[in-house]
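Just below is one structure, and these are the notes that go with it.
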Amino acid sequence: MAIDGGCLCGKVRYRVSGRLFGADHCHCSMCRRQHGAAFATYADFEPGEFAWISGADLVKIYEAPGGGGWCFCSECGSTLAGTDDGKVTAITLGTVEGDPGVRPEAHIFTGSRAPWHEIHDDLPQFDERPPENWKPPGKNP
Ligand SMILES: [Zn+2]
Ligand SMILES: [Zn+2]
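Residues are numbered in our numbering as their position in the sequence shown, beginning at 1, plus a constant of 1114.
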């Protein structure tokens, strides 16, 4: 079952043809600024399973000097996805329509957490990225 999402003004829409996985809350200072929020929530998908289905010409990419970037709607500013080398690598969970079928599994980059925000759940927390081989307990890939 495909997962659809889109921006606030509705002009940009995307579809993930497979399932989402690897959702996490990123507290890094770049994501906080880019979203204007305490943290940003992303989910991954299998390569080749993401496509813009409308408004692709309105999508702008901002790439941070240190690597990593974000896709946003140039009309309304919604952040729709994270990028790596200009390629979409993760979607923002907040832009998914309906239930994305995945739940966040960790807080990452909590070393950069906003001083005014406290984490009140039991998800694992990592100062930076989780170790390469880390898997959330009881979950598959
Ligand atoms: Zn928009
Ligand atoms: Zn981040």
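Where is the CB? At the ideal position from N, CA and C, for every residue including glycine. In this text the structure is predicted, and so the values were computed from the model without any measurement.
Around the beta carbon of His1234, fewer than 16 other beta carbons sit within 10 angstroms, so the residue counts as exposed. Across the set Leu1194, Lys1174, Thr1197, the C-alpha of Lys1174 shows the shortest separation from the C-alpha of Ser1188. Assignment of Asp1198 by DSSP, reduced to helix, strand and coil, places it in the strand class. For Phe1240, the distance from the CB to the nearest heavy atom of ligand 2 is not below 7 Å. Taking every protein chain shown into account, the CB of His1231 has fewer than 16 other CB atoms within 10 angstroms, so this residue is exposed. Taking a C-beta distance under 8 Å as the contact criterion, His1141 and Ser1226 qualify as a contact pair. Nearest C-alpha to Lys1249 among Gly1132, Cys1121, Ala1137: Ala1137. By the C-beta density criterion, Asp1158 is buried, having at least 16 other C-beta atoms within 10 angstroms. In this structure Phe1186 is not in contact with Tyr1128, their Cβ atoms being roughly 12 Å apart against a cut-off of 8 Å.
Not a single heavy atom of ligand 2 lies less than 7 Å from the C-beta of Ala1178.
As the crow flies, the alpha-carbon of Gly1208 is around 9 Å from that of Pro1214.
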